[in-house]
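Inspection log for the structure reproduced underneath, given as structure tokens.
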Amino acid sequence: MIHLVTDSTSDISPSDAQALGVHIVPLIVRFGEEQYRDGVDIDADQFYAKLARTDVHPTTSQPSPDVFAALYTTLLSSPDDQVVGLHISAKLSGTLQSATLAAKDFDPGRIHLVDTESVSGGLQLLVRAALDDIKSGDSAATVAEKATRRRSKVTILVLLDTLTYLHRGGRIGRAQAFVGSLLNVKPLIAVRDGEVVPLARPRSRSKGIEMIVEQVRGCAPLRSLAEFHAAATESMIDLEQRLSTVVSNVTAILGRIGPVVGAYSGPGGLGVACLGAD
Amino acid sequence: MSKLKVEDMSAQHHDVLARADASEAEAEAMGTATRERAQAPPKPIGVASVAPGEGFREIMGSLGADIIVSGGQTMNPSIEDLLNAVRAVNAEHVILLPNNGNVILTAEQVDPLAEGCEVRVVPTRNLPQGISALLAFDPAASLDENVERMLAAIATVRAVEVTHAVRDTSVNGHDIKLGDVIAVVDDAITEVGSDYLEVIEAVLKSQAIKPELVTVYRGDEVGVEDADALVTSLRTTHPETEFELQAGGQEHYPYVLSLE
Chain A
-15 MIHLVTDSTS DISPSDAQAL GVHIVPLIVR FGEEQYRDGV DIDADQFYAK LARTDVHPTT
45 SQPSPDVFAA LYTTLLSSPD DQVVGLHISA KLSGTLQSAT LAAKDFDPGR IHLVDTESVS
105 GGLQLLVRAA LDDIKSGDSA ATVAEKATRR RSKVTILVLL DTLTYLHRGG RIGRAQAFVG
165 SLLNVKPLIA VRDGEVVPLA RPRSRSKGIE MIVEQVRGCA PLRSLAEFHA AATESMIDLE
225 QRLSTVVSNV TAILGRIGPV VGAYSGPGGL GVACLGAD
Chain B
-4 MSKLKVEDMS AQHHDVLARA DASEAEAEAM GTATRERAQA PPKPIGVASV APGEGFREIM
56 GSLGADIIVS GGQTMNPSIE DLLNAVRAVN AEHVILLPNN GNVILTAEQV DPLAEGCEVR
116 VVPTRNLPQG ISALLAFDPA ASLDENVERM LAAIATVRAV EVTHAVRDTS VNGHDIKLGD
176 VIAVVDDAIT EVGSDYLEVI EAVLKSQAIK PELVTVYRGD EVGVEDADAL VTSLRTTHPE
236 TEFELQAGGQ EHYPYVLSLE
């Protein structure tokens, strides 16, 4: 049997994970001394409520190799078991590194790890596409290979309220060029080749949403689409309404930006991920 | 001068302002800056922008302009001022933002004089257009791409410049008396009245499409409290529009508004 493993930056809700049969390894989010496993000890609601109450900037860390090793041991109990692991961009997190270290103690032919160069909704779309491949009977190696090929077809766009969280968290990449604006702007960023890149500096959220819709239109034909928000429900409703007029052939997966990714997007973040057709 | 490449944008921002001050202070200082910068390899693309007032200069620096040339309504920069600024950017391609209708022709004469550097003028006619152009700037994109982005951006912003009439006159059917408050919308006098709020309200009322965001740049002769009161009043009468107040520091125009 092929087991699909991902990490909590895929922002797959626990109920979806169970329904899909995906194993999720949690990253860690910290507020000072307090430490929580993403999606296990803290959910999105609790995280954003806490973020609003505290001056402590949250930090995150990758799961330890031990966590992966324990999961692999459980999943590889029968000789025909195999693991495909799809993880957050190695340029954004050391999660894949932990997984790779853990995998060294197992038969290399049984664990197939992929740097998806993606995160959040983008990672989730790749996970869901890989599940389809498993269902259609592909081998573990083929599933991993297809995911690797597909990652270039993923577009991730995020409209932020502020760059503060991305900046403090050290994941700002080339969007550094957007830091320091004395005018109020809503930075629109993308995740490209696994890194954060700046796209535009709309002056209003509504204008930013318009830009997202235009970008998504340019990605057609789509295989799948995901929309995610960090405590920005109203904006997501607005986005969903505007997107549904340009993307009619796919049903969008709607979700929350979870604690670990939210520690970088900050509250108010609004994201879209789309996966181009194969 | 390699500071321009340092990660800390605010340091870069101060560096920009420092150089802008140098340019203003004396030509010699600018000459020194040019020589120092010339030692570093030129970057692919940079921006020089013309602005009056400390506030506008700071804002433009914060949005990524490499150098700000002092200048405005009654103090248009010379070709030499602009040429020195373009050289000081030390880039292979420089986008020049005149930000005033009277500066565009001067700006267009810089390119043939700037040896080893391609200068492209994005014909911004006012400060709001200049800000919009800078917001659209992407240092990773090509010159053509940037010019295209900037031209598209300046088409989406409407500039309102509020000032006082300097003499009795009649324009566009308006009888204007010395000292009247007048609003110039995209280069044409459209409203006349006795106070700022009245005139700005008239301009907002006349817009076919309600602006989503209005940025109010306070001139050097307007106090913070007066500007706050004006914006508070505008927010009350236009709850659907977002208002942002900034210190522009421009002379002659107590208020400059950007309607988006």
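Those protein sequences? They're chains A and B, same order as listed.
Start counting the first sequence at -15; every next residue gets the next number (the working numbering).
Start counting the second sequence at -4; every next residue gets the next number (the working numbering).
In this text, a Cβ means the ideal position worked out from N, Cα and C, and glycines have one as well.
>> Once DSSP output is grouped into helix, strand and coil, what is the label at residue 30 of chain A?
In response: To locate residue 30 of chain A, count along the first sequence from 1; it is residue 46. In this structure, residue 30 of chain A counts as helix in the three-state DSSP scheme.
> Expressed to the nearest angstrom, what Euclidean distance is found between the alpha-carbon atoms of residue 63 of chain B and residue 44 of chain B?
Replying inline: Locating residue 63 of chain B in the second sequence gives position 68, counting from the first residue. Locating residue 44 of chain B in the second sequence gives position 49, counting from the first residue. When rounded, the distance between both Cα atoms is 5 Å.
>> Along the region 206 to 224 of chain B, where does the CB come closer than 9 Å to a CB of chain A? Name the residues.
In response: 207, 208 and 210
>> Using a Cβ-Cβ distance cut-off of 9 Å, determine whether residue 166 of chain A contacts chain B.
In response: Mapped onto the first sequence, residue 166 of chain A falls at position 182. Residue 166 of chain A has a beta carbon lying within less than 9 Å of a beta carbon in chain B.
> Considering only residues of the same chain and omitting the five flanking positions on each side of residue 248 of chain B, which have a CB-CB separation below 7 Å?
Replying inline: As a first step, residue 248 of chain B must be located in the second sequence, where it is residue number 253. Counting only Cβ-Cβ distances below 7 Å, and skipping sequence neighbours, we find 156, 157, 158 and 214.
> residue 65 of chain B: beta carbon under 8 Å from a heavy atom of the ligand FAD?
Replying inline: In the structure on display, the ligand FAD does not appear, and there are no ligands present to speak of.
> Mapping DSSP to helix, strand and coil, what is residue 40 of chain B?
Replying inline: By 1-based counting over the second sequence, the position of residue 40 of chain B is 45. In the structure shown, residue 40 of chain B sits in a strand (DSSP, three-state: E or B).
> Going by Cα to Cα distance, which pick from A/175, A/115, A/34 and A/96 is closest to residue 255 of chain A?
Replying inline: By one-based count along the first sequence, residue 255 of chain A stands at place 271. Selected option, being the one with the closest Cα: A/175.
>> Cβ closer than 7 Å: which chain B residues qualify as neighbours of residue 161 of chain A?
In response: Counted from its first residue, the first sequence places residue 161 of chain A at position 177. 59 and 134, listed in chain order.
> Is the CB-CB distance between residue 23 of chain A and residue -1 of chain A below 9 Å?
Replying inline: Numbered from 1 along the first sequence, position 39 holds the residue referred to as residue 23 of chain A. Numbered from 1 along the first sequence, position 15 holds the residue referred to as residue -1 of chain A. When the beta-carbon positions are compared, residue 23 of chain A and residue -1 of chain A stay at least 9 Å from each other.
> With a cut-off of 8 Å, do at least 3 Cβ pairs link the region 67 to 83 of chain A to the region 94 to 106 of chain A?
Replying inline: yes
> Hey, would you say residue 209 of chain B sits closer than 9 Å to residue 254 of chain B, going by beta carbons?
Replying inline: Reading the second sequence from its first residue, position 214 is the one you call residue 209 of chain B. Reading the second sequence from its first residue, position 259 is the one you call residue 254 of chain B. Contact flag set, yes.
> Name the chain B residues whose beta carbon is nearer than 7 Å to that of residue 185 of chain A?
Replying inline: Working through the first sequence from its first residue, we reach residue 185 of chain A at position 201. Those within 7 Å of residue 185 of chain A in chain B are 130.
>> Please state whether the Cβ-Cβ distance between residue 185 of chain A and residue 252 of chain B is less than 9 Å.
In response: For the purposes of this step, residue 185 of chain A is identified with residue 201 of the first sequence, where counting begins at 1. For the purposes of this step, residue 252 of chain B is identified with residue 257 of the second sequence, where counting begins at 1. For residue 185 of chain A and residue 252 of chain B, no; Cβs fall outside 9 Å.
> For residue 172 of chain A versus residue 260 of chain A, is the C-beta spacing smaller than 9 Å?
Replying inline: Taking the first sequence and counting its residues from 1, one reaches residue 172 of chain A at position 188. Taking the first sequence and counting its residues from 1, one reaches residue 260 of chain A at position 276. No, the pair does not count as a contact, with Cβ atoms beyond the cut-off.
> Looking at C-alpha atoms only, which residue of B/195, B/105, B/60 and B/205 is the closest neighbour of residue 228 of chain B?
Replying inline: Within the second sequence, residue 228 of chain B is the residue found at index 233, counting from 1. Minimum Cα distance to residue 228 of chain B is reached at B/195.
>> With a threshold of 8 Å on Cβ separation, who are the neighbours of residue 142 of chain B within its own chain once the five nearest residues in sequence on each side are excluded?
In response: By 1-based counting over the second sequence, the position of residue 142 of chain B is 147. Contacts found: 90, 115 and 117.
> residue 158 of chain A versus chain B: which residues are under 8 Å apart at the beta carbon?
Replying inline: On the first sequence, position 174 is the one that residue 158 of chain A refers to. Those are 135, listed as they occur along chain B.
> Anyone know if the C-beta pair for residue 219 of chain A and residue 143 of chain A falls short of 9 Å?
Replying inline: Along the first sequence, read from residue 1 onward, the residue named residue 219 of chain A stands at position 235. Along the first sequence, read from residue 1 onward, the residue named residue 143 of chain A stands at position 159. Taking the C-beta atoms as reference points, residue 143 of chain A is found nearer than 9 Å to residue 219 of chain A.
>> What does the alpha-carbon distance come out to for the pair residue 211 of chain B and residue 131 of chain A?
In response: If you number the second sequence from 1, residue 211 of chain B lands on position 216. If you number the first sequence from 1, residue 131 of chain A lands on position 147. If I take the Cα positions, the gap works out to 49 Å.
>> Going by C-alpha to C-alpha distance, which of B/47, B/234, B/244 and B/193 sits closest to residue 175 of chain B?
In response: Walking along the second sequence from the start, residue 175 of chain B turns up at place 180. Minimum Cα distance to residue 175 of chain B is reached at B/193.
> With a cut-off of 9 Å, does the C-beta of residue 75 of chain A fall near any C-beta of chain B?
Replying inline: Along the first sequence, read from residue 1 onward, the residue named residue 75 of chain A stands at position 91. Taking Cβ atoms only, chain B never reaches closer than 9 Å to residue 75 of chain A, which makes this a no.
> Which first and last residues belong to the alpha helix (DSSP H) in which residue 53 of chain B is found?
Replying inline: Your numbering for residue 53 of chain B matches position 58 in the second sequence. 49 to 57 is the span of the alpha helix (DSSP H), which, as asked, contains residue 53 of chain B.
> By a C-beta neighbour count over all protein chains shown, 10 Å radius and 16 as the cutoff for buried, is residue 258 of chain A buried or exposed?
Replying inline: Against the first sequence, residue 258 of chain A aligns to sequence position 274. Flag for residue 258 of chain A reads buried.
> Using a beta-carbon distance below 9 Å, is residue 41 of chain A in contact with chain B?
Replying inline: Taking the first residue of the first sequence as position 1, residue 41 of chain A is located at position 57. Cβ-Cβ to chain B under 9 Å: no for residue 41 of chain A.
> Using the beta-carbon count (16 or more within 10 Å), is residue 203 of chain B buried or exposed?
Replying inline: Position 208 of the second sequence, counted from the first residue, corresponds to residue 203 of chain B. It counts as exposed.
> How many Å lie between residue 19 of chain A and residue 158 of chain A at the Cα?
Replying inline: Walking along the first sequence from the start, residue 19 of chain A turns up at place 35. Walking along the first sequence from the start, residue 158 of chain A turns up at place 174. Computed Cα separation, rounded: 30 Å.
>> Going by C-alpha to C-alpha distance, which of B/198, B/85 and B/181 sits closest to residue 188 of chain B?
In response: Sequence index remark: in the second sequence, residue 188 of chain B carries index 193 (1-based). Of the listed residues, the one whose Cα sits closest to residue 188 of chain B is B/198.
>> With three or more C-beta pairs closer than 8 Å as the rule, is the region 89 to 106 of chain B touching the region 160 to 179 of chain B?
In response: no
> What are the complete alpha helix (DSSP H) segments, minimum 4 residues, inside the region 135 to 184 of chain A?
Replying inline: Those alpha helix (DSSP H) runs which fall completely within the region 135 to 184 of chain A and span 4+ residues are 148 to 152.
>> Would residue 126 of chain B pass as an interface residue toward chain A - the criterion being a Cβ-Cβ separation below 9 Å?
In response: Within the second sequence, residue 126 of chain B is the residue found at index 131, counting from 1. Closer than 9 Å: yes.
> Does any C-beta atom of chain A lie closer than 9 Å to the C-beta of residue 27 of chain B?
Replying inline: As a first step, residue 27 of chain B is located in the second sequence; it is residue number 32 there, counting from the start. The predicted position of residue 27 of chain B is uncertain, since its pLDDT is 44 and thus under 50; a value taken from the coordinates is nonetheless stated next. No - not a single Cβ of chain A is within 9 Å of the one on residue 27 of chain B.
>> I need the straight-line Cα distance from residue 246 of chain A to residue 133 of chain B, nearest angstrom please.
In response: For this step, residue 246 of chain A is matched to residue 262 along the first sequence. For this step, residue 133 of chain B is matched to residue 138 along the second sequence. Between residue 246 of chain A and residue 133 of chain B, the C-alpha separation is close to 26 Å.
>> Counting only Cβ pairs nearer than 9 Å, list the residues of chain A close to residue 239 of chain B.
In response: Position 244 of the second sequence, counted from the start, is the residue given in the question as residue 239 of chain B. Correct list: 167, 168 and 187.
>> On a Cα-Cα basis, can you pick out the residue from B/124, B/172, B/222 and B/82 that is closest to residue 41 of chain B?
In response: One-based indexing of the second sequence puts residue 41 of chain B at position 46. Closest by alpha carbon: B/82.
> By the 10 Å Cβ neighbour count, where 16 or more other Cβ atoms means buried, how is residue 147 of chain B classified, buried or exposed?
Replying inline: Your numbering for residue 147 of chain B matches position 152 in the second sequence. Result: exposed.
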